[in-house]
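J.: Whatever position you read off the sequence shown (first residue = 1), add 1134 for our numbering.
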Amino acid sequence: MIIRPEGFKLSIRELIDPHTFKSRPEALCWELFTQDAIDMLHGVRTFLAAPIVINDWHSGGQYEWSGYRSPGCTIGAPGSEHRKGNAFDLKVKGIESNHVKDMLKQNEDDPLLAKLMRIEDGTVGWTHVDCKTLAPGQSRIRIFKP
Ligand SMILES: [Zn+2]
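Written out as structure tokens, the structure reads:
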């Protein structure tokens, strides 16, 4: 069972697409994520201390695939961590995406970021963060090319 950390700021609608949201009770929607991903997101949100948009379809916005990607989703890579409920694309209010990446990387030893394994390099307008298990010899926070 997924446990939301105390003070977790995001609603389930911000983490999944509308079709998945309507297809099952909220309690089961949370189970689409890994505990590490939820803990990681909470830590990153707390560390940045700024509002974060993931999905905003529920308020008329354009994003619905920035969190969990269901089997019916055709965007992104087939093996994407998003499909495992293990990744988020963050739009951080007031902080440009490259700066978000640098802030997180430069503070990788902060306990709030302990679950953050990888950040995608080169994105503009959002920051991909995930909890993928690193291969032997790799170290966190790993900056990876898509
Ligand atoms: Zn992503």
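Just so you know, even glycine gets a beta-carbon here, dropped at the ideal spot from N, CA and C.
How long is the line joining the alpha carbons of L1224 and I1186, rounded to whole angstroms?
T.: In a straight line, the C-alpha of L1224 is about 6 Å away from that of I1186.
J.: Report back the beta-carbon spacing between T1154 and Y1202 to the nearest angstrom; my notes put them in contact at under 8 Å.
T.: Rounded, the Cβ-Cβ distance is 7 Å, consistent with contact.
J.: By the 10 Å Cβ neighbour count, where 16 or more other Cβ atoms means buried, how is A1221 classified, buried or exposed?
T.: By the 10 Å Cβ count, A1221 comes out buried.
J.: How many angstroms separate the CA atom of M1135 from the CA atom of E1165?
T.: Answer to the nearest angstrom: the Cα atoms are 7 Å apart.
J.: Between the region 1242 to 1254 and the region 1194 to 1214, can you find at least three pairs of beta-carbon atoms closer than 8 Å?
T.: No, the region 1194 to 1214 is not in contact with the region 1242 to 1254.
J.: Which residues in the same chain as E1160 place their Cβ atom closer than 7 Å to its Cβ, once the five residues preceding and following it in sequence are excluded?
T.: Cβ neighbours of E1160 beyond the five flanking positions: I1146.
J.: Tell me whether K1218 sits in a helix, a strand or coil according to DSSP, three-state version.
T.: Reduced to three states, the DSSP call for K1218 is helix.
J.: Would you give the residue range spanned by the beta strand (DSSP E) that D1264 belongs to?
T.: Looking at the DSSP string, the run of the beta strand (DSSP E) that includes D1264 is T1261 to D1264.
J.: Give me the pocket residues for ligand 1, defined as CB within less than 6 Å of any heavy atom, sorted by chain position.
T.: Here the residues come out as H1216, A1221, D1223 and H1262.
J.: By the three-class DSSP mapping on this structure, what secondary structure does F1311 have?
T.: For the chain, the structure presents residues 1135 to 1280; residue 1311 sits outside this window and is missing.
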